[in-house]
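Mapping to the numbering used here: the sequence shown position 90 is 181, numbers consecutive.
Accompanying notes for the structure given below.
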Amino acid sequence: MKFINATTCPWKHAIGEDGPKPDPDPAPNRLLSLEQWHAVRAHWPQDVQVALEFPNDADIHQLAPDMHRIALIVLDFPKWTDGRAYSQAHLLRIRHKFTGAIRARGEVLVDMMQLLARTGFDEVVLRGDQSQAAAQKALDLFAPVGFYQGDVAETRPWFQRSAA
Numbered sequence: 092m093k094f095i096n097a098t099t100c101p102w103k104h105a106i107g108e109d110g111p112k113p114d115p116d117p118a119p120n121r122l123l124s125l126e127q128w129h130a131v132r133a134h135w136p137q138d139v140q141v142a143l144e145f146p147n148d149a150d151i152h153q154l155a156p157d158m159h160r161i162a163l164i165v166l167d168f169p170k171w172t173d174g175r176a177y178s179q180a181h182l183l184r185i186r187h188k189f190t191g192a193i194r195a196r197g198e199v200l201v202d203m204m205q206l207l208a209r210t211g212f213d214e215v216v217l218r219g220d221q222s223q224a225a226a227q228k229a230l231d232l233f234a235p236v237g238f239y240q241g242d243v244a245e246t247r248p249w250f251q252r253s254a255a
């Protein structure tokens, strides 16, 4: 898991004088909202990768035609009890075979690290009061043993892995 500092992240929003630009010009390392992406996707160059902020109440399947153009998808946890982004990440990895980065942002707590990793997230922006050292410790807790259930990295349950 990669821990991201939001202030030093190379992916930047397309901001104008009055706030977010409704139709930003293509440029490397652009972080766009879903609305901005819909406004520019038709003329965005195929060879310029983009990062998207995707709301947790939107249908993740609408990104399917553009997966090859997206380098990073930022999924939001508006509350730590709202787990819809877990399902979105899982669908991106399993159903859509998305190989880019998936980042968790918002109310991301240390207690969520294991499930984030198991559902396909590979980057996180921790909530300000959370410790990166504690988050790494939480990730390492089950590493030597593994899990009984399958996940995005190993889809077979434990009993099928041990039988093979």
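Don't be surprised by glycine CBs; every beta carbon is placed ideally from N, CA and C.
Only a predicted model underlies this, so the values are computations on that prediction, with no experimental measurement involved.
If you check the CB distance, VAL215 and VAL199 come in under 7 Å.
The continuous alpha helix (DSSP H) containing SER178 extends over residues 175 to 185. Residue pairing for LYS103: DSSP places it in a beta bridge opposite ARG121. Around the beta carbon of PHE233, fewer than 16 other beta carbons lie within 10 angstroms, which makes this residue exposed. MET158 and LEU206 have their C-alpha atoms some 23 Å from each other. Assigned with DSSP and collapsed to three states, ASP157 falls in helix. Taking every protein chain shown into account, the CB of TRP171 has fewer than 16 other CB atoms within 10 angstroms, so this residue is exposed. The secondary-structure analysis by DSSP pairs ILE151 with nothing; it has no beta-bridge partner. By the 16-neighbour rule on beta-carbons within 10 angstroms, GLU144 is buried.
DSSP places LEU143 in no alpha helix (DSSP H) but in the uninterrupted beta strand (DSSP E) bounded by 141 to 145. For PRO156, the closest alpha carbon among the candidates GLN137, PRO169 and PRO146 is that of GLN137. Distance from the CA of ALA105 to the CA of GLN251, rounded to the nearest whole angstrom, comes to 47 Å.
For ARG209, the enclosing alpha helix (DSSP H) starts and ends at 204 to 210. Residue pairing by DSSP places ILE193 opposite ILE164 in a beta bridge. Beta-bridge partners of PHE94 (DSSP): VAL215.
For the pair ILE161 and GLY191, the Cα-to-Cα distance works out to about 7 Å. When the beta-carbon positions are compared, ARG196 and ASP167 come within less than 7 Å of each other.
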